[in-house]
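Numbering (my numbering), first residue to last: 948 to 1014. All C-beta atoms, glycine included, are put in the ideal place defined by N, C-alpha and C.
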């Protein structure tokens, strides 16, 4: 139950970044590119990525409350 609530908060946070602060996402992406992976697709389609994360956060909140 706690996992779902924490995951929901994280997804909500990142969805807000995609919608309202894409510059932060780009900076995080650049750091991630140097460390682990590349994700140009998610930055190029930031509104879709933000919407998916928002939906996932709502599902995680729902599961966290229901369980």
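Using a 10 Å radius around the Cβ and a threshold of 16 neighbouring Cβ atoms, would you call residue 908 buried or exposed?
Only positions 948 to 1014 of the chain appear in this structure, which leaves residue 908 out of reach.
Over what stretch of residues does the alpha helix (DSSP H) that includes residue 1014 continue unbroken?
What you label residue 1014 is simply residue 67 of the chain shown in a count that begins at 1. Per DSSP, residue 1014 belongs to no alpha helix (DSSP H) and is neither H nor E.
Going by DSSP, what residue range makes up the alpha helix (DSSP H) through residue 963?
What you label residue 963 is simply residue 16 of the chain shown in a count that begins at 1. It spans 949-967 - the alpha helix (DSSP H) in which residue 963 sits, taken as one unbroken run.
Using the rule of at least 16 other Cβ atoms within 10 Å of the residue's Cβ for burial, across every protein chain shown, is residue 955 buried or exposed?
Reading the chain shown from its first residue, position 8 is the one you call residue 955. With 16 or more other Cβ atoms within 10 Å, it is buried.
Assign residue 961 to one of two classes, buried (16 or more other C-beta atoms within 10 Å of its C-beta) or exposed (fewer than that).
Here residue 961 is taken as the residue at index 14 of the chain shown, counted from 1. Label assigned to residue 961: buried.
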